[in-house]
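Chains as they are written, first to last, in this note's numbering: chain A, 19 to 335; chain B, 32 to 383. Only one structure is covered here, and it is reproduced in the block below.
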Amino acid sequence: MFGTIAYLLGSSIRQGIPLLFGATGEILTEKGGHLNLGIPGIMYVGGISGIIGGYLYEHFCANPNPALCILIPLLATIIGSGLMALIFSFLTVTLRANQNVTGLTLTTFGIGIGNFFGASLLSFFGDSGSISLLTIGGWYKAKLIPFLDFGFLAYLAVIIAIAVSFYLNRTRAGLNMRAVGENPATADAAGINVTKYQYLSTIIGGIIAGLGGLYWVMDYTGGTWTNNGFGDRGWLAIAIVIFALWKPVLGIFCSFLFGGLYICCILIPGLSSASKELITMAPYVVTILVLIITSIKNKRENQPPAHLGLNYFREDR
Amino acid sequence: MIYISRRTDAPLKKAVAIKAFAILLSLVVCALVLFVMTRLNPLDIYIAMFKGSLSTQRKFWALLQNTAILLCISLAVTPAFKMKFWNLGAEGQVLIGALVSATFMFYIQDSWPSWLLILVMLVASVAAGLIWAGIPGYFKARFGTNETLFTLMMNYVAIQLVKFCIAVWVPNGSSVMGVLNRQTQCGWIPSLFGQKYLINILIVALLTVLMYIYLKYSKQGYEISVVGESEKTARYIGINVKKVILRTACISGAIGGLAGFLLCAGTGHTVSATLAGGNGFTAVLVSWLAKFNPFGMILTSLLIVFLQKGSGEIAQAFRLSDNISDVTTGIILFFIIGSEFFINYKIHLRRK
């Protein structure tokens, strides 16, 4: 009995980690006032960048070194997802493009990039078969704490969530960033560099979300890529942001809960396929309910950032 | 020192020129990307794209049909967007419309005359789409609930609902719904002049004209644009803002439901969770790129469908993964999105 519960808990957490990365990234982005609907695409690019980095290293290096096995995909992911977020912030901050439109395009683009390279990376180098970086995947899966079956990225996800929470609530820079998200005109008048904070929040948020993709390909699937294998987890991450009321620490528990809901239909034996689909629906329905209840209660600290999704132009009054 | 100011008076000629330049630039970037990946002459690739997607009559009609569906969904989201109600739930509204149509086909089969079944399916699908968008619309009007996130989540509820119904209807667990009423063709939109998509296309064409008139010349269309420009102004001149929000959301959803009906009764005669195929999101871009002008949307939807089909063709011809179409379409859209800035703003260079 105890074993089953531990297994269920472990699986929920493993499912929840990519969601947590995505949600933390999106919270940071949204607190800066930008609604980045490109997060699902960024997570795909994060994943495939890690795969590409790892593949190139394995391909051109005869005996891979463990430290580089971890560092190179990590760096590739940071660069890949950072560039994606840079496209978004350049278009929305500097060129003041509509955030919803840009974000949706970014998602299509990112998923396209992920699936394209996933399908044709090997053929570029004359290999065939499917991508499997078992050595690198193995290093990513290596247990950090002996009796807990999690790789280092799982701990990193929790640490980042706590760090983002600390940053947003306890540091001056974090408060400035929130001020930009709530009311950029006032922040601007107070001498805060609005553009700088908008770029920072979207790019760092994008990088954090991209790590979720890296976790998925390296740790969860052990260094393999399946087209569309990441599914719609990116959108689920955006749902968690609402469910967690824009609080990163709450996001940790919400992610594990959603991860559990995502996986419990596979683990509970004897469920009909129809009821599985209904259980999968649960996270979205619950998110909608939270959205409705918070808007009815109208408590100020539980609302989305006031300037969410809107662009700021100093000369508009 | 660079200094930027807003301009509202950019002449049409200049705006068109800027956009054309952006598209040209994006094609160059796409050509570079394609060249790096295939080492083929990009010009050959573009020629293959044109030839491929227009080569046979069947492909030509498929192009028109896909454009019609995308245009229909774009028309659905347009009134809502004009009111600054971000309906990102078109995907779900289309799905739920198609699901309701499929439900009727599944349970009625051929016990009703086909025309009656089609009519009932039409009404029911439109009603289903209306409700699906009406729910977020109501909460937006009543409590100011964030509609972007609400409608987004409704998509996944609709997707799961479709999967649930298929799981109930198809007991063998294959989770693929076959073509409904294959023998009797009961509830199928009939073909006209031997073209099975012609009625679909005509319906959407009619809808385009109606939407143009509705937005431009009707009182309700005027109310929509006032609420979109400034809610405070709308309230001041005595517009019932809540009513307008709810009504417009419902219209938006109803047309989405209609698109679902066209997909189910007029195209595939079945339903699947991927039926809308991301068109609900692409429609956002189509509508926005055309500045909410229904006639402009004919062009933008044709452009996007052509790009998707054409990239699919070159992927096949040069043995690339057909996801390349998402990449190239994305690049082109980024450029068009970015070009808006140079139309709406003026950049001044000041010397000290």
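C-beta atoms are modelled at their ideal positions from N, C-alpha and C, and glycine is treated no differently. Note that the structure is predicted; figures quoted are calculated from it, not measured.
Alpha helix (DSSP H) runs contained entirely in the stretch 89-165 of chain B, provided each spans 4 or more residues = As summarised for the stretch 89-165 of chain B, the continuous alpha helix (DSSP H) elements at least 4 residues long and confined to that stretch are 121-139, given in chain order.
DSSP three-state assignment for residue 171 (chain B), whether helix, strand or coil | Mapped onto the second sequence, residue 171 (chain B) falls at position 140. Of the three classes helix, strand and coil, the one that applies to residue 171 (chain B) here is helix, per DSSP.
Given that residue 123 (chain A) touches chain B, what residues does it touch there, using C-beta distances under 7 Å?
-> Numbered from its first residue, the first sequence carries residue 123 (chain A) at position 105. Within chain B, the residues near residue 123 (chain A) are 316, 361, 364, 365, 368.
Closer than 9 Å by beta-carbon distance: list the chain B residues that pair up with residue 253 (chain A), in chain order.
-> For the purposes of this step, residue 253 (chain A) is taken as the residue at position 235 of the first sequence. Simply 183, 184, 186, 187.
Starting from residue 176 (chain B), find everything on chain A with Cβ-Cβ shorter than 7 Å and list it in chain order.
-> By 1-based counting over the second sequence, the position of residue 176 (chain B) is 145. What residue 176 (chain B) touches in chain A: 309, 310, 313.
C-beta neighbour in chain B for residue 106 (chain A), strict 7 Å = Walking along the first sequence from the start, residue 106 (chain A) turns up at place 88. Under the 7 Å criterion on CB atoms, residue 106 (chain A) is classed as non-interfacial with respect to chain B.
Are the CB atoms of residue 192 (chain B) and residue 119 (chain B) nearer to each other than 7 Å?
-> One-based indexing of the second sequence puts residue 192 (chain B) at position 161. One-based indexing of the second sequence puts residue 119 (chain B) at position 88. Cβ distance not < 7 Å, so residue 192 (chain B) and residue 119 (chain B) don't count as in contact.
If we cut at 7 Å on Cβ distances, does residue 305 (chain A) have a partner in chain B?
-> The residue you call residue 305 (chain A) lines up with position 287 of the first sequence. It does: the Cβ of residue 305 (chain A) has a partner Cβ on chain B nearer than 7 Å.
For residue 89 (chain B), return the contacting residues in chain A, with the cut-off set at a CB-CB distance below 7 Å.
-> Within the second sequence, residue 89 (chain B) is the residue found at index 58, counting from 1. Within chain A, no C-beta atom comes less than 7 Å from the C-beta of residue 89 (chain B); the nearest is roughly 26 Å away.
So what does DSSP say about residue 301 (chain B), is it helix, strand or coil?
-> Start at 1 with the first residue of the second sequence, and residue 301 (chain B) comes out as number 270. Assigned with DSSP and collapsed to three states, residue 301 (chain B) falls in coil, not helix or strand.
Between residue 198 (chain B) and chain A, is there a C-beta pair that is closer than 7 Å?
-> Mapped onto the second sequence, residue 198 (chain B) falls at position 167. Closer than 7 Å: yes.
Can you name, in chain order, every residue of its own chain whose Cβ lies under 7 Å from the Cβ of residue 258 (chain A), other than the five neighbours on each side?
-> Here residue 258 (chain A) refers to the residue found at position 240 when the first sequence is read from its first residue. The answer, listed in chain order, is 37, 41, 269, 272, 273, 276.
Residues near residue 285 (chain B) in its chain [Cβ-Cβ closer than 6 Å; skip 5 each side] = Position 254 of the second sequence, counted from the first residue, corresponds to residue 285 (chain B). Around residue 285 (chain B), the same chain offers 157, 160, 161 as residues with beta carbons nearer than 6 Å, after the five sequence neighbours per side are excluded.
Would a check of beta-carbon distances place residue 102 (chain A) closer than 7 Å to chain B?
-> The sequence position of residue 102 (chain A) within the first sequence is 84, counting from 1. No, residue 102 (chain A) lies away from the interface with chain B (no Cβ there is under 7 Å from its Cβ).
Apart from the five residues on each side of it in sequence, which residues of its chain come closer than 7 Å, Cβ to Cβ, to residue 137 (chain B)?
-> Locating residue 137 (chain B) in the second sequence gives position 106, counting from the first residue. So the list reads 200, 211, once near-sequence residues are dropped.
Is the distance from the Cβ of residue 346 (chain B) to the Cβ of residue 331 (chain B) below 7 Å?
-> Residue 346 (chain B) sits at position 315 when you count from the first residue of the second sequence. Residue 331 (chain B) sits at position 300 when you count from the first residue of the second sequence. The answer is no: Cβ separation not under 7 Å.
State the start and end residues of the unbroken beta strand (DSSP E) segment that holds residue 114 (chain A).
-> As a position in the first sequence, residue 114 (chain A) is number 96, starting the count at 1. No beta strand (DSSP E) contains residue 114 (chain A), which DSSP labels as neither H nor E.
Applying a beta-carbon distance threshold of less than 8 Å, which residues of chain B neighbour residue 133 (chain A)?
-> Numbered from 1 along the first sequence, position 115 holds the residue referred to as residue 133 (chain A). Among the residues of chain B, those whose CB is under 8 Å from the CB of residue 133 (chain A) are 352, 354, 357, following chain order.
Please report the Cβ distance between residue 196 (chain B) and residue 130 (chain B), rounded to the nearest whole angstrom; I am assuming they are in contact, meaning their Cβ atoms lie under 8 Å.
-> Looking up residue 196 (chain B) in the second sequence gives position 165. Looking up residue 130 (chain B) in the second sequence gives position 99. Right, the Cβ-Cβ distance comes to about 6 Å (below 8 Å), so this counts as a contact.
For chain B, find out if any of its Cβ atoms is closer than 7 Å to the Cβ of residue 302 (chain A); answer yes or no.
-> For the purposes of this step, residue 302 (chain A) is taken as residue 284 along the first sequence, with counting starting at 1. Yes, because at least one Cβ of chain B sits closer than 7 Å to the Cβ of residue 302 (chain A).
Flag residue 48 (chain A) as yes if its beta-carbon sits less than 7 Å from any beta-carbon of chain B, otherwise no.
-> For the purposes of this step, residue 48 (chain A) is taken as residue 30 along the first sequence, with counting starting at 1. Among the CB atoms of chain B, none fall inside 7 Å of the CB of residue 48 (chain A).
Run through DSSP, which three-state label would residue 186 (chain A) get?
-> Taking the first sequence and counting its residues from 1, one reaches residue 186 (chain A) at position 168. Residue state, collapsed to three classes: helix.
State yes or no: is the C-beta of residue 225 (chain A) nearer than 6 Å to some heavy atom of the ligand NAP?
-> This structure does not include the ligand NAP; it has no bound ligands of any sort.
With which residues is residue 34 (chain B) paired in a DSSP beta bridge?
-> Your numbering for residue 34 (chain B) matches position 3 in the second sequence. DSSP output for residue 34 (chain B) lists B:379 as bridge partner(s).
Does the stretch 77-88 of chain A come close enough to the stretch 342-360 of chain B to have 3 or more Cβ pairs within less than 8 Å?
-> They do not touch, by the three-pair rule.
Positions along the stretch 118-135 of chain B whose CB lies within less than 8 Å of some CB in chain A = Taking 8 Å as the Cβ-Cβ cut-off, the stretch 118-135 of chain B approaches chain A at 119, given in chain order.
Indicate the three-state DSSP secondary structure (helix, strand or coil) for residue 39 (chain B) in the structure shown.
-> To locate residue 39 (chain B), count along the second sequence from 1; it is residue 8. In the structure shown, residue 39 (chain B) sits in coil (DSSP, three-state: anything other than H, G, I, E or B).
By Cβ distance below 8 Å, which residues in the same chain neighbour residue 152 (chain B) in space, the five residues on each side in sequence not counted?
-> Numbered from its first residue, the second sequence carries residue 152 (chain B) at position 121. Residues 131, 132, 135, 136, 218, 292, 295, 296 of the same chain have their beta carbon placed closer than 8 Å to that of residue 152 (chain B), with the five preceding and five following residues left out of the count.
Compute the beta-carbon to beta-carbon distance between residue 227 (chain A) and residue 39 (chain A), rounded to the nearest angstrom, for a pair I have assumed lies under 8 Å.
-> The residue labelled residue 227 (chain A) in the question sits at position 209 within the first sequence. The residue labelled residue 39 (chain A) in the question sits at position 21 within the first sequence. Contact between residue 227 (chain A) and residue 39 (chain A) holds, since their C-beta atoms are separated by about 6 Å, short of 8 Å.
With 7 Å as the threshold, decide whether the Cβ of residue 295 (chain A) is near any Cβ in chain B.
-> To locate residue 295 (chain A), count along the first sequence from 1; it is residue 277. Against chain B, the CB of residue 295 (chain A) has a partner CB under 7 Å away; the residue lies at that interface.
Which term fits residue 207 (chain B), buried or exposed, when burial requires 16 or more other beta carbons within 10 angstroms of its beta carbon?
-> In the second sequence, residue 207 (chain B) corresponds to position 176, counting from 1. Residue burial annotation: residue 207 (chain B) is exposed, with fewer than 16 other C-beta atoms found within 10 angstroms of its C-beta.
Per-residue DSSP class, three states only, for residue 242 (chain A) | For this step, residue 242 (chain A) is matched to residue 224 along the first sequence. The DSSP-derived three-state label of residue 242 (chain A) is strand.
Which two residues bound the contiguous alpha helix (DSSP H) that contains residue 77 (chain A)?
-> Translated into positions along the first sequence, residue 77 (chain A) becomes position 59. Start and end: 57-78.
Should residue 110 (chain B) be labelled buried (16 or more other beta-carbon atoms within 10 Å of its own) or exposed?
-> Within the second sequence, the letter at position 79 stands for residue 110 (chain B). Buried, because 16 or more other Cβ atoms sit within 10 Å of the Cβ of residue 110 (chain B).
In whole angstroms, what is the alpha-carbon distance linking residue 332 (chain A) and residue 272 (chain B)?
-> Residue 332 (chain A) sits at position 314 when you count from the first residue of the first sequence. Residue 272 (chain B) sits at position 241 when you count from the first residue of the second sequence. Going by C-alpha positions, residue 332 (chain A) is about 28 Å away from residue 272 (chain B).
Beta-bridge partners of residue 283 (chain B), as assigned by DSSP | One-based indexing of the second sequence puts residue 283 (chain B) at position 252. Residue 283 (chain B) is not bridged to any residue.
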